[in-house]
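Our numbering puts the first residue of the sequence shown at 430, with every later residue one more than the last.
Even for Gly, the Cβ is constructed at its ideal location relative to N, Cα and C.
Fair warning: this is a prediction, and the values are worked out from it, not measured in the lab.
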Amino acid sequence: MVVLKLLIAAGSLLWIADAQCVSGDSLIGDLCYSFSTTQLSFTDSRDHCHSINQNLAVIHNTQQNNFLASLVRNRYSSSYGRFWIGLSRPALNASFVWDDGTPAVWTNFDSLARDNLFVGESTMDGKWRTSNGKQLLDFVCSYIPKSATGPTTTKATTTTTTSTSAVVTSAVKKPSVTCLFMIDMQSAGIDQNAIATYQTYFNFAKLVGTTLNNQTYFTGNLDNFGYTSQLVDRRRYQSYSFINFESSGFPIDGTDDDIDLDLTEVDGTLKAAGWNPPATDHTCLIFISAAPEAMYGGTSISPTYDSFTTVVGVLVGGEKAYFAFHNIPFSGATSIPGLTDPVITAVSLSTADAESVVQRLLETLP
């Protein structure tokens, strides 16, 4: 079983039948992307990409740009850093050109002066900034996916890129997934503002489901009734169609609702609880948690994750580095009991975040 912990990031996904990337690389839109294992200058980064028959990263749109920022941030735990992309110009009065020779039609520069030749992207907000190219940064390479209809090329012209993209996007493979969404929060003893915050987490879970439905044949359910029945009610959950999933209502109407959706008060029960899929076809668990690690006590439920083929943890409520950067107390989630893989982090609950959750989920399917 593959178990991942995920704090939501930004991105976009296209699941392709006849287009393939090298194992471990990421397909984003019409290009495959590979990631550095060391930090280099701009020129050395570009030379490394060329040595493996790839380009220093070419970016065509917002989705690719945001996804790369998220992936680099998560891979290297670099929330406020930059990484090299394949955009540069030979002189200050010249136009920027991508490493594959194509012009920069879409750009995402920040508001600072473009007073240098080489371009790096921020891992925080995806904005681009010029520099002298001497800094040692992480970097990303890109290449055109292999297609059943023709060979892979690296140095693409505009015509080649367009035709290859058309071939790639014409064949779409949709896997079938059935996911249970666990939303870890509580209503008893909190104020209305906190409930409103929890509703944003609930809505985000539904956004992930919507995004997953766009990429797969999706069925599933939202566990939004907590642990009052000591988990036995979970076995009664049906595998709803997406239409029924989408219409699921937020369960908390006010502060008087005694609905416990938080692990903090039931860690003793969870130690002995059997956490099984609610139906035999529920093979995927998406666990969305808003509780800090200190609130879990001695909870240990990792053996019960084995009931699911794929488990993805989603930490919401903010990122530690973000709170520290702004000198405010941290209030977000720091861990999920039983999930020990490295945390992937971000700070928003956007459509791009949902797409990133789906991307990682699909990567873990058997």
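Rounded to a whole number of angstroms, what is the C-alpha to C-alpha distance between Gln628 and Asn673? 18 angstroms
Using a Cβ-Cβ cutoff of less than 6 angstroms, which residues in the same chain neighbour Lys563 once the five nearest sequence positions on both sides are dropped? Ser470
Using a 10 Å radius around the Cβ and a threshold of 16 neighbouring Cβ atoms, would you call Asp630 buried or exposed? It is Tyr, not Asp, that sits at residue 630 in the sequence shown. Flag for Tyr630 reads buried.
Return the Cβ separation of Lys383 and Phe568 in integer angstroms, given the expectation that the two are a contact with Cβ distance under 8 angstroms. Residue 383 falls outside the range modelled here, since the chain spans only 430 to 795, and no answer is possible.
Would you list the one or two residues that DSSP bridges to Cys608? Gly649, Cys713
For Glu675, is the classification buried or exposed, using 16 other Cβ atoms within 10 angstroms of its Cβ as the cut-off for buried? exposed
Since Val740 and Phe633 should fall inside the 8 angstroms C-beta cutoff, what is the C-beta to C-beta distance between them, to a whole number of angstroms? Not really, about 18 angstroms apart at Cβ, beyond 8 angstroms.
Sorted by chain position, which residues of the same chain lie with C-beta nearer than 6 angstroms to Ser605's C-beta, five sequence neighbours on each side aside? Tyr646
Check whether the Cβ atoms of Phe610 and Leu651 sit closer than 8 angstroms, and answer yes or no. yes
Roughly how many angstroms separate the alpha carbons of Leu541 and Arg789, rounded to a whole number? 33 angstroms
Output needed for Ala595: all residues of its chain with C-beta closer than 8 angstroms, excluding positions within five of it in sequence on either side, in chain order. Its pLDDT being 28, under 50, Ala595 is placed unreliably in this model, and the value from its coordinates should be taken loosely. Nothing listed; no residue qualifies.
Which class does Gly549 belong to by DSSP, given the choice of helix, strand or coil? strand
Contacting residues, own chain, Cβ-Cβ under 7 angstroms from Val637 (five flanking each side not counted): Ile715, Ala783, Val786, Val787
DSSP beta-bridge partners for Ile457? Leu460
Where does the unbroken beta strand (DSSP E) through Ser560 begin, and where does it stop? 557-560
Can you give me the C-alpha to C-alpha distance between Thr607 and Gly678, rounded to a whole angstrom? 19 angstroms
One question on the structure: do Asp454 and Ser463 come within less than 8 angstroms of each other, judged by their Cβ atoms? yes
Measuring only the C-alpha atoms, how far is Gly742 from Leu778? 14 angstroms
Whole beta strand (DSSP E) runs in the stretch 488-530 with 3 or more residues, listed along the chain? 511-517
Cys478 lies in the alpha helix (DSSP H); which residues open and close that run? 471-480
Residue(s) in a DSSP beta bridge with Val569: Phe464
In this structure, does DSSP put Gly742 in helix, strand or coil? strand
Unbroken alpha helix (DSSP H) run spanning Val787, endpoints: 780-793
Suppose the cutoff is 6 angstroms on Cβ atoms and the five residues either side in sequence are ignored; what does the same chain contact list for Trp513 look like? Phe471, Ser474, Gly549, Leu566, Phe568
Determine the burial state of Asp476: buried for a count of at least 16 other Cβ atoms within 10 Å of its Cβ, exposed for fewer. exposed
In whole angstroms, what is the alpha-carbon distance linking Asp554 and Leu460? 21 angstroms
Under three-state DSSP, which class holds Lys635? helix
How long is the line joining the alpha carbons of Ala533 and His479, rounded to whole angstroms? 20 angstroms
Tell me the residue span of the alpha helix (DSSP H) that contains Phe674. 671-675
Using the Cα positions of Arg518 and Leu546, report the straight-line distance between them to the nearest angstrom. 5 angstroms
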